[in-house]
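Report on the following structure.
2 protein chains.
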Amino acid sequence: MVFPEYLHFSTSPDRTLIEVTEKLSPDLVAILVDEHTKERCFSNLNIPPVQLIEISSGEKNKTFTTCEKIWEQMTELGMSRKSLLINLGGGVIGDMGGFVASTFKRGIQFINIPTTLLSMVDASIGGKLGIDFQGLKNHIGLFSDPAAVIISPQFLQTLPREELKSGFAEVLKHALIADLDYWETVKQIDLPNANWDEIIKKSIVIKAAVVSNDPYENGKRKILNFGHSFGHAIETHFLETEQPLSHGEAVAVGMVLEAHISFEKKLLPEHKLKEIEEVIRQYFDLPDLPNLEVLLPLIRQDKKNKNNALNFSLLNGIGDCKYDVEVDLHSLTSALHYYKKIR
Amino acid sequence: MVFPEYLHFSTSPDRTLIEVTEKLSPDLVAILVDEHTKERCFSNLNIPPVQLIEISSGEKNKTFTTCEKIWEQMTELGMSRKSLLINLGGGVIGDMGGFVASTFKRGIQFINIPTTLLSMVDASIGGKLGIDFQGLKNHIGLFSDPAAVIISPQFLQTLPREELKSGFAEVLKHALIADLDYWETVKQIDLPNANWDEIIKKSIVIKAAVVSNDPYENGKRKILNFGHSFGHAIETHFLETEQPLSHGEAVAVGMVLEAHISFEKKLLPEHKLKEIEEVIRQYFDLPDLPNLEVLLPLIRQDKKNKNNALNFSLLNGIGDCKYDVEVDLHSLTSALHYYKKIR
């Protein structure tokens, strides 16, 4: 397995950024940051002066209002179709910055420098860009590859444990859907002292292999969505509350629920369901969930659905995953019932 | 020259639409109209029931606010990634409907049925989609091809003469930049009685040939922008006034101005400049223009510019066009000066 060409692992992100930028020879460079990455990451980058565009951090700002502010600044800076936008941050910055760049004057080049574990293992490849709309996750967006992605695990050193956990849910997912051996490794990792370099590479290899065969998610790529039918709905629901869940926390809960549906569909034996549940519980709290009436309208908006039916990606044992499995309301109810019992 | 595969000339747009839709087998179909195309075109289409999404006509509505309304209705209708949006209308409906479809859930399929001469000869091919932003034309957008474009000149029969004129400016442009013989034909056409079928096909052949060699406008495709550096700026300026110009009127004026720059750069002999001016005057009024100080900031936002320089596409004689010609302020001033003298 070869990594996508645009992917650069680097222990010196500033040097790599300078090299990559020189090759693109843009007429103007701007860098998109939030208050955290400005302080924590940008200030440590030793690069020539660039224009800075700052937005407020957080999923709740992944909206058109923020896009409009960015486009406004890009316009004021006089950015042309030959200019370059560098997105320095986590998933919100990468997804939204990529979307903004890909639609500014019908598309300019952009470089993503993911600064969280989640964005390194997940958003770094696959070209999915977008923003939330009316509370629906990534409801508006497109597919477009960055000119480069620069991955430097050193950014993780200053990352809060909660942020590490959020990314780790996707690592667990990669193992569950594609690699039993990897699962045996990741199920007993000491988060703060993990060998992230190796884990990130392994996760990217898994994701890249899936994506390269189905870039626009017409088929197999849907397995990367295991845990996300419930996960996105739960994340969306909690976004509006006082205590929002991180993407990883929501996906972790989603994986427990969807593992139960896999079990109920006789795709996953009971002892494997228990094992998944225990591993997830080891890293994540299991919050109280609202009823199905609240979650269902959100699940209905999932991009995998078609013909008014709910389509899930379900585990076919550990290390394998089936997609486009039609799921009925009874399965959802009984998964939620099980979840309430075990938490 | 072969037409793009997705292009269907049809004397029976309803039958063609039904055939094309059946092949795409969407799970839900919605059709985007404005008050004019609903009345004038949709009501004459004999097709199975579809969901109707109606917006207000006009360039001033080609904004995010309208996009949000469309996305909202698409979401409420329960449209999935397997659904289809049909855009029935002129350039605004086609450009904005295509943009909305291409970004809804990261992109669903869409069919364009252009109903104006302008959208038949211009927007129908090339995949340029977008909306205006802060008064800047097509400032936000992307490239994406429709699943099908259905062209039926019969829609022109009920089109106001002003609308015919607006499209005819692009026809003149196609001749000027690429085909001297075609210029000899189109320079003496009786608009209401023209053989539109033939003209549309010829214009599309010219545009398709240019676009197929440079789909993302890195080079040669820029020649299609002759008349548009000034034209877009003028259109944008008048959009805010009581008497907005149509796209074609603005481009007609832009072609006079840019023909003068071509002459000044010794690319076009004086008698050819005069000829162009006379032909355009035959079809279009030449309105009073604001000074360069007003137009320059708008011209600076043109997508062909780079490195802070103004790049124009200029006629190299009639029937040929050069792109990426750097133009200085003196040339712009003297073109405006000339224009004020001759109008």
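Protein chains in written order, with the working numbering: chain A, 1 to 343; chain B, 1001 to 1343.
Yeah, the Cβ is synthetic: ideal placement off N, Cα and C, and Gly gets one too.
Which of helix, strand or coil DSSP assigns to residue 1373 of chain B: Residue 1373 of chain B is absent from the structure shown; chain B starts at 1001 and stops at 1343.
Among B/1072, B/1021, B/1116, nearest to residue 1058 of chain B - alpha-carbon criterion: One-based indexing of the second sequence puts residue 1058 of chain B at position 58. Out of B/1072, B/1021, B/1116, B/1116 has the C-alpha closest to the C-alpha of residue 1058 of chain B.
Cross-chain neighbours of residue 110 of chain A in chain B, by beta carbon under 7 Å: Mapped onto the first sequence, residue 110 of chain A falls at position 110. The premise fails here: residue 110 of chain A is roughly 13 Å from chain B at the closest Cβ pair, so nothing lies under 7 Å.
Chain B contact for residue 185 of chain A (CB, 8 Å cutoff): By 1-based counting over the first sequence, the position of residue 185 of chain A is 185. With 8 Å as the cut-off, residue 185 of chain A does not count as an interface residue toward chain B.
Extent of the continuous beta strand (DSSP E) to which residue 1009 of chain B belongs: Residue mapping note: residue 1009 of chain B aligns to position 9 of the second sequence, counting from 1. Taken as a continuous stretch (DSSP letters only), the beta strand (DSSP E) holding residue 1009 of chain B covers 1007-1009.
Distance CB(residue 1169 of chain B)-CB(residue 1111 of chain B) smaller than 8 Å: Along the second sequence, one-based indexing puts residue 1169 of chain B at 169. Along the second sequence, one-based indexing puts residue 1111 of chain B at 111. Not in contact: residue 1169 of chain B and residue 1111 of chain B (Cβ atoms no closer than 8 Å).
Strand pairing of residue 87 of chain A, partner residues [DSSP]: Within the first sequence, numbered from 1, the residue matching residue 87 of chain A stands at position 87. Looking at the DSSP assignment, residue 87 of chain A forms a beta bridge with A/32, A/112.
Whole-Å CB distance - residue 1120 of chain B paired with residue 1140 of chain B, under 8 Å assumed: The residue given as residue 1120 of chain B occupies position 120 in the second sequence. The residue given as residue 1140 of chain B occupies position 140 in the second sequence. That pair is no contact at about 24 Å.
Inter-residue spacing [alpha-carbon to alpha-carbon] between residue 1281 of chain B and residue 1339 of chain B: Taking the second sequence and counting its residues from 1, the one referred to as residue 1281 of chain B is at position 281. Taking the second sequence and counting its residues from 1, the one referred to as residue 1339 of chain B is at position 339. Near 12 Å, if we compare the C-alpha coordinates of residue 1339 of chain B and residue 1281 of chain B.
Of the listed residues A/330, A/31, A/47, A/40, nearest to residue 54 of chain A (C-alpha basis): To locate residue 54 of chain A, count along the first sequence from 1; it is residue 54. Measuring from the Cα of residue 54 of chain A, the nearest candidate turns out to be A/31.
Same chain only: Cβ atoms within 6 Å of residue 1203 of chain B, ignoring 5 sequence neighbours per side: Here residue 1203 of chain B refers to the residue found at position 203 when the second sequence is read from its first residue. 1121, 1171, 1174, listed in sequence order.
Completely contained alpha helix (DSSP H) runs for the region 1273-1328 of chain B, where each covers 4 or more residues: 1292-1300
Same chain, Cβ closer than 6 Å to residue 133 of chain A, five either side skipped, listed in chain order: Locating residue 133 of chain A in the first sequence gives position 133, where the first residue counts as 1. If we look at residue 133 of chain A and ignore the five residues flanking it on each side, its Cβ neighbours are 139, 140.
Chain-ordered chain B contacts of residue 142 of chain A [CB-CB under 9 Å]: Counting from one through the first sequence, the residue named residue 142 of chain A turns up at place 142. In chain order: 1102, 1103, 1106, 1107, 1142, 1144.
Best match in B/1076, B/1043, B/1194, B/1228 for proximity to residue 1104 of chain B [C-alpha to C-alpha]: Working through the second sequence from its first residue, we reach residue 1104 of chain B at position 104. That would be B/1076, whose Cα lies nearest to the Cα of residue 1104 of chain B.
Per-residue burial, residue 325 of chain A [other beta carbons within 10 Å of its own, 16 or more giving buried]: One-based indexing of the first sequence puts residue 325 of chain A at position 325. Buried: at least 16 other Cβ atoms inside 10 Å.
Partner residues on chain B for residue 423 of chain A, Cβ-Cβ distance less than 7 Å: Examination of residue 423 of chain A is not possible in this model, given that chain A is present from 1 through 343 alone.
Within chain B, the residues that residue 72 of chain A reaches when beta carbons sit closer than 9 Å: As a first step, residue 72 of chain A must be located in the first sequence, where it is residue number 72. 1133, 1134, listed in chain order.
Min CB distance residue 1064 of chain B to chain A below 8 Å: Here residue 1064 of chain B is taken as the residue at index 64 of the second sequence, counted from 1. It does; some Cβ of chain A falls within 8 Å.
DSSP state of residue 121 of chain A mapped onto helix, strand, coil: For the purposes of this step, residue 121 of chain A is taken as the residue at position 121 of the first sequence. Helix at residue 121 of chain A.
Alpha carbon of residue 20 of chain A to alpha carbon of residue 153 of chain A, nearest angstrom: Numbered from 1 along the first sequence, position 20 holds the residue referred to as residue 20 of chain A. Numbered from 1 along the first sequence, position 153 holds the residue referred to as residue 153 of chain A. Rounded to the nearest angstrom, the two C-alpha atoms are 18 Å apart.
Alpha-carbon spacing of residue 1039 of chain B relative to residue 319 of chain A, whole angstroms: Within the second sequence, the letter at position 39 stands for residue 1039 of chain B. Within the first sequence, the letter at position 319 stands for residue 319 of chain A. Spanning the two alpha carbons is a distance of roughly 56 Å.
From B/1164, B/1187, B/1289, B/1047, residue whose alpha carbon lies closest to that of residue 1233 of chain B: Taking the second sequence and counting its residues from 1, one reaches residue 1233 of chain B at position 233. Taking only the C-alpha atoms, the option nearest residue 1233 of chain B is B/1289.
Chain-ordered chain B contacts of residue 247 of chain A [CB-CB under 7 Å]: Taking the first residue of the first sequence as 1, we reach residue 247 of chain A at position 247. Per Cβ cutoff of 7 Å: no residues; residue 247 of chain A is ~17 Å from chain B at best.
Closest Cα partner of residue 248 of chain A within the set A/230, A/242, A/261, A/311: The residue labelled residue 248 of chain A in the question sits at position 248 within the first sequence. Checking every option, the nearest Cα to that of residue 248 of chain A belongs to A/230.
Interface flag, residue 1091 of chain B vs chain A, CB-CB below 8 Å: Against the second sequence, residue 1091 of chain B aligns to sequence position 91. Not closer than 8 Å to any Cβ of chain A, the Cβ of residue 1091 of chain B fails to qualify, so no.
Chain A contact for residue 1060 of chain B (CB, 8 Å cutoff): Locating residue 1060 of chain B in the second sequence gives position 60, where the first residue counts as 1. With 8 Å as the cut-off, residue 1060 of chain B does not count as an interface residue toward chain A.
Alpha-carbon spacing of residue 295 of chain A relative to residue 329 of chain A, whole angstroms: The residue labelled residue 295 of chain A in the question sits at position 295 within the first sequence. The residue labelled residue 329 of chain A in the question sits at position 329 within the first sequence. Taking the straight line joining both Cα atoms gives about 11 Å.
Range of the contiguous alpha helix (DSSP H) that encloses residue 1239 of chain B: Sequence index remark: in the second sequence, residue 1239 of chain B carries index 239 (1-based). Residue 1239 of chain B -> alpha helix (DSSP H) spans 1228-1239.
Selected residue, minimal CA-CA separation from residue 1063 of chain B, among B/1129, B/1256, B/1292: As a position in the second sequence, residue 1063 of chain B is number 63, starting the count at 1. Ranking the options by Cα distance to residue 1063 of chain B, first place goes to B/1129.
Test item: CB-CB of residue 107 of chain A and residue 1143 of chain B under 8 Å: Taking the first residue of the first sequence as 1, we reach residue 107 of chain A at position 107. Taking the first residue of the second sequence as 1, we reach residue 1143 of chain B at position 143. Contact flag set, yes.
CA-to-CA distance, residue 1214 of chain B to residue 1101 of chain B, given in whole angstroms: Locating residue 1101 of chain B in the second sequence gives position 101, counting from the first residue. Locating residue 1214 of chain B in the second sequence gives position 214, counting from the first residue. C-alpha separation (whole angstroms): 23 Å.
Given residue 1341 of chain B as reference, the closest of B/1145, B/1260, B/1327, B/1017 once Cα atoms are compared: Numbered from its first residue, the second sequence carries residue 1341 of chain B at position 341. When each option's Cα is compared against that of residue 1341 of chain B, the closest is B/1260.
Residue-level contact to chain A via CB, residue 1027 of chain B, 8 Å cutoff: Indexing the second sequence from 1 puts residue 1027 of chain B at position 27. True, the Cβ-Cβ gap to chain A drops below 8 Å.
Sequence ranges, alpha helix (DSSP H) only - wholly within the region 1154-1208 of chain B, length at least 4: 1161-1178, 1180-1186
Given residue 1034 of chain B as reference, the closest of B/1091, B/1278, B/1027 once Cα atoms are compared: Numbered from 1 along the second sequence, position 34 holds the residue referred to as residue 1034 of chain B. Answer by Cα proximity: B/1091.
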